[in-house]
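S.K.: Handing you a structure now.
In full-length UniProt numbering, the protein residues as written are 1 to 104.
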């Protein structure tokens, strides 16, 4: 699957408890301009040990496998999130505020 959206959190390094390999994780907001009033939120896991060159606010294309990650919330209630196991996470454009400063 491919998703286009904005990086909502700075990618952070994590370590797999089962394989002991490093990966990077961030939140992604996908919305279609003029169509969606609420974005679809994903947790993205980039399964590479090299830090992705992504920053909060970047518009990116993510390619990977969609899964559902279920867990217990802090209140003890079952909840879940959409999870993309990413093969690729590539920056398409800079954040609008940065792009505006560059063109000045």
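Virtual Cβ for every residue (Gly too), placed ideally from N, Cα, C.
Please report how far the alpha carbon of residue 47 lies from the alpha carbon of residue 17, in whole angstroms.
M.R.: For the purposes of this step, residue 47 is taken as the residue at position 47 of the chain shown. For the purposes of this step, residue 17 is taken as the residue at position 17 of the chain shown. Roughly 14 Å separates the two Cα atoms.
S.K.: On the DSSP bridge assignment, give the partners of residue 22 in chain order.
M.R.: Sequence index remark: in the chain shown, residue 22 carries index 22 (1-based). DSSP lists 15 as partners of residue 22.
S.K.: Compare the C-alpha of residue 41 against each of 73, 75, 62 and 50 and name the closest.
M.R.: Against the chain shown, residue 41 aligns to sequence position 41. The candidate whose alpha carbon is nearest that of residue 41 is 62.
S.K.: Beta strand (DSSP E) containing residue 2: first to last residue?
M.R.: In the chain shown, residue 2 corresponds to position 2, counting from 1. Taken as a continuous stretch (DSSP letters only), the beta strand (DSSP E) holding residue 2 covers 2 to 7.
S.K.: Pairs of beta-carbons, one from the segment 11 to 30 and one from the segment 65 to 76, closer than 8 Å: are there three or more?
M.R.: Flag = no, the segment 11 to 30 and the segment 65 to 76 do not touch.
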